[in-house]
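S.K.: Got a structure for you, questions after.
If you want it as structure tokens, here you go:
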């Protein structure tokens, strides 16, 4: 069964605009104190110190329940904070995944003991997460996952590999999607379970993957008889497909989808000068219109989350369009201003 998708326009409420002023003041103070250097290059750094300052200021776990230390604010206020942090080039990557999606997953599907133990540490900027989905030879095709968790007397034994795992080498936990039983012909979604895996577990190995510049962000994570207990199961055994797609709704649609490369657009506008050629002006106008549309779509998804919806399809559309825009931007810039 298919359903229509719709991106309703969202007007930021006064409390979100007030939050924008507050986070800008925070960033200005932190920059003046030398905590970070604003650069407009997106999510550029991993700084536990800065994450802890964000936690103390109430910028982590903003939408979460107060009983765990959260702020119980709206998703539109959180959107504004994310937008300002990324635009300033603040080093938010340490806490980003935990705040964006791992914490909400624990709130919705985790055990209460798990929430009580971990959520306050995330909110304080002291506990970091990575995502265990993609695998070698499978990419992001979650139906073809091979990493598995098998029942043993002590709980579960985990074996397999995850790849392209951002910041696994700096994380305390991974939420891993693992196969716990075979899928059926009638239901390919059956047999997947999410586990909370401590990254210091015996049998877990993190190997770096360096990019073309030599930077280390990605990793391959290998599980060799990693033992976890039933207390580490998130949600229901064999029924995690819906959980995983709900998690992606948080991941795919935020302002990072268009702001991480916005500096390229700024550079293009600067290089074009005050009186660009008509073709250049038209090309820049098209890019600006595209990124403005992306922002409105991303804001619309934040509005859906604010209303308690789970917009996994809409979030996937924002992810796809944002990725295409980011990939096309450098080539378009070179074409419009070759020098």
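Residue numbers (the numbering used here): 44 to 382.
Positions of the beta carbon are idealized from the N, C-alpha and C atoms, including for glycine.
(1) Should the stretch 251-271 be called in touch with the stretch 201-208, which here means at least 3 C-beta pairs below 8 Å?
(2) Relative to the C-alpha of residue 381, which residue among 255, 158, 181, 312 is closest?
(3) Counting C-beta neighbours from all protein chains within 10 Å, is the total for residue 329 16 or more, i.e. buried, or is it exposed?
(4) If you drop the 5 nearest sequence neighbours on each side, which residues of the same chain put their C-beta closer than 6 Å to that of residue 77?
(5) Strictly by DSSP, which residues pair up with residue 248?
(6) Assuming the contact rule is C-beta atoms closer than 8 Å, residue 89 and residue 213 should be a hit. Round their C-beta distance to whole Å, please.
(7) Over the uninterrupted alpha helix (DSSP H) stretch that includes residue 292, give me the two end residues.
(8) With hydrogens ignored, establish whether the beta-carbon of residue 142 is closer than 6 Å to any heavy atom of the ligand PLP.
(9) Could you give the first and the last residue of the continuous alpha helix (DSSP H) run that contains residue 171?
(10) Report all residues from its chain with a CB closer than 6 Å to the CB of residue 56; omit the five preceding and five following residues, and keep chain order.
(11) Closest to residue 152 by CA distance: which of 49, 289, 267, 225 is it?
(12) Residue 380 by DSSP, collapsed to three states: which one?
(13) Taking only three categories from DSSP, how would you classify residue 135?
(14) For residue 94 and residue 321, what's the separation of their Cα atoms in angstroms?
(15) Is DSSP giving residue 241 helix, strand or coil here?
(16) Can you tell me which residues form a DSSP beta bridge with residue 270?
(17) What are the boundary residues of the alpha helix (DSSP H) that residue 220 is part of?
(18) Under 8 Å, with one C-beta from each stretch per pair, do the stretch 333-345 and the stretch 270-288 reach the 3-pair mark?
(19) So is residue 431 buried or exposed if we call it buried at 16+ other beta carbons inside 10 Å?
(20) Just reading off the beta strand (DSSP E) that residue 178 is part of, what are its end residues?
(21) Is the beta carbon of residue 219 less than 7 Å from the beta carbon of residue 240?
(22) Is it the case that the Cβ atoms of residue 66 and residue 127 are separated by a distance below 7 Å?
(23) Would you give the residue range spanned by the beta strand (DSSP E) that residue 195 belongs to?
(24) With DSSP run on the structure shown, which of helix, strand or coil describes residue 280?
(25) Measuring straight from C-alpha to C-alpha, what distance separates residue 137 and residue 244?
(26) Among the candidates 353, 277, 187, 196, whose CA atom is the shortest distance from the CA of residue 227?
(27) How about residue 365 and residue 301: are their beta carbons less than 7 Å apart?
(28) From what residue to what residue does the alpha helix (DSSP H) around residue 150 run?
(29) Please list, in chain order, all residues of the same chain as residue 280 whose beta carbon is under 7 Å from its beta carbon, the five residues on each side excluded.
(30) Should the stretch 185-203 be regarded as contacting the stretch 154-165, the criterion being three or more beta carbon pairs within less than 8 Å?
(31) Go ahead and pull the three-state DSSP assignment for residue 205.
(32) Does the beta-carbon of residue 179 have 16 or more other beta-carbons within 10 angstroms, so that it is buried, or is it exposed?
(33) Name the one or two DSSP bridge partners that residue 253 has.
(34) List the whole-angstrom C-beta distance separating residue 51 from residue 346, where the pair is believed to meet the contact cut-off of C-beta under 8 Å.
M.R.: For this structure:
(1) Judged by pairs of C-beta atoms under 8 Å, the stretch 251-271 touches the stretch 201-208, as three or more such pairs exist.
(2) Here residue 381 is taken as the residue at index 338 of the chain shown, counted from 1. Closest option to residue 381, Cα to Cα, is 312.
(3) Taking the chain shown and counting its residues from 1, one reaches residue 329 at position 286. By the C-beta density criterion, residue 329 is exposed, having fewer than 16 other C-beta atoms within 10 angstroms.
(4) Taking the first residue of the chain shown as position 1, residue 77 is located at position 34. Taking residue 77 as the centre and dropping the five residues before and after it, the same chain places no C-beta closer than 6 Å to its C-beta.
(5) To locate residue 248, count along the chain shown from 1; it is residue 205. In DSSP, residue 248 forms a bridge with 265.
(6) Sequence index remark: in the chain shown, residue 89 carries index 46 (1-based). Sequence index remark: in the chain shown, residue 213 carries index 170 (1-based). With a Cβ gap of about 6 Å, residue 89 and residue 213 count as contacting.
(7) As a position in the chain shown, residue 292 is number 249, starting the count at 1. DSSP places residue 292 inside the alpha helix (DSSP H), whose first and last residues are 284-295.
(8) This structure simply doesn't include the ligand PLP, nor any ligand for that matter.
(9) Working through the chain shown from its first residue, we reach residue 171 at position 128. It is not in any alpha helix (DSSP H) - residue 171 carries neither H nor E in the DSSP assignment.
(10) As a first step, residue 56 must be located in the chain shown, where it is residue number 13. Cβ within range, chain order: n/a, list empty.
(11) Walking along the chain shown from the start, residue 152 turns up at place 109. For the residues 49, 289, 267, 225, the minimum Cα distance to residue 152 belongs to 289.
(12) Within the chain shown, the letter at position 337 stands for residue 380. In the three-state DSSP reduction, residue 380 falls in the coil class, being neither helix nor strand.
(13) Numbered from 1 along the chain shown, position 92 holds the residue referred to as residue 135. Annotated three-state conformation of residue 135 is strand, per DSSP.
(14) If you number the chain shown from 1, residue 94 lands on position 51. If you number the chain shown from 1, residue 321 lands on position 278. Those two C-alpha atoms are separated by around 45 Å.
(15) On the chain shown, residue 241 is found 198 positions in, with the first residue counted as 1. In the three-state reduction of the DSSP assignment, residue 241 falls in the strand class.
(16) By one-based count along the chain shown, residue 270 stands at place 227. Under DSSP, the beta-bridge partners assigned to residue 270 are 200.
(17) Counting from one through the chain shown, the residue named residue 220 turns up at place 177. Per DSSP, residue 220 belongs to no alpha helix (DSSP H); it is in the beta strand (DSSP E), 216-222.
(18) Verdict: no, contact absent.
(19) Within the shown structure, residues of the chain are numbered from 44 to 382, placing residue 431 beyond reach of any answer.
(20) Taking the chain shown and counting its residues from 1, one reaches residue 178 at position 135. Neither: residue 178 is in no beta strand (DSSP E) and is coded neither H nor E.
(21) Locating residue 219 in the chain shown gives position 176, counting from the first residue. Locating residue 240 in the chain shown gives position 197, counting from the first residue. Contact flag set, yes.
(22) As a first step, residue 66 must be located in the chain shown, where it is residue number 23. As a first step, residue 127 must be located in the chain shown, where it is residue number 84. Yes, these two residues count as a Cβ contact at 7 Å.
(23) Residue numbering aside, residue 195 sits at position 152 when the chain shown is read from its first letter. If you look at residue 195, you'll find it in the beta strand (DSSP E) that goes 191-195.
(24) Counting from one through the chain shown, the residue named residue 280 turns up at place 237. The answer is coil: DSSP assigns residue 280 none of H, G, I, E or B.
(25) The residue you call residue 137 lines up with position 94 of the chain shown. The residue you call residue 244 lines up with position 201 of the chain shown. Approximately 20 Å, taken between the alpha carbons.
(26) Taking the chain shown and counting its residues from 1, the one referred to as residue 227 is at position 184. Distance check between residue 227 and each of 353, 277, 187, 196 places 187 closest, using alpha-carbon atoms only.
(27) Within the chain shown, residue 365 is the residue found at index 322, counting from 1. Within the chain shown, residue 301 is the residue found at index 258, counting from 1. Remark: C-beta atoms of residue 365 and residue 301 approach each other more closely than 7 Å.
(28) Within the chain shown, the letter at position 107 stands for residue 150. From DSSP, the alpha helix (DSSP H) with residue 150 extends over 146-152.
(29) Working through the chain shown from its first residue, we reach residue 280 at position 237. Hits under 7 Å: 223, 236.
(30) The stretch 185-203 vs the stretch 154-165: no contact.
(31) In the chain shown, counting from the first residue as 1, residue 205 sits at position 162. Strand at residue 205.
(32) To locate residue 179, count along the chain shown from 1; it is residue 136. So residue 179 ends up on the exposed side.
(33) Translated into positions along the chain shown, residue 253 becomes position 210. Per DSSP, 259.
(34) The sequence position of residue 51 within the chain shown is 8, counting from 1. The sequence position of residue 346 within the chain shown is 303, counting from 1. Correct: roughly 7 Å between the Cβ atoms.
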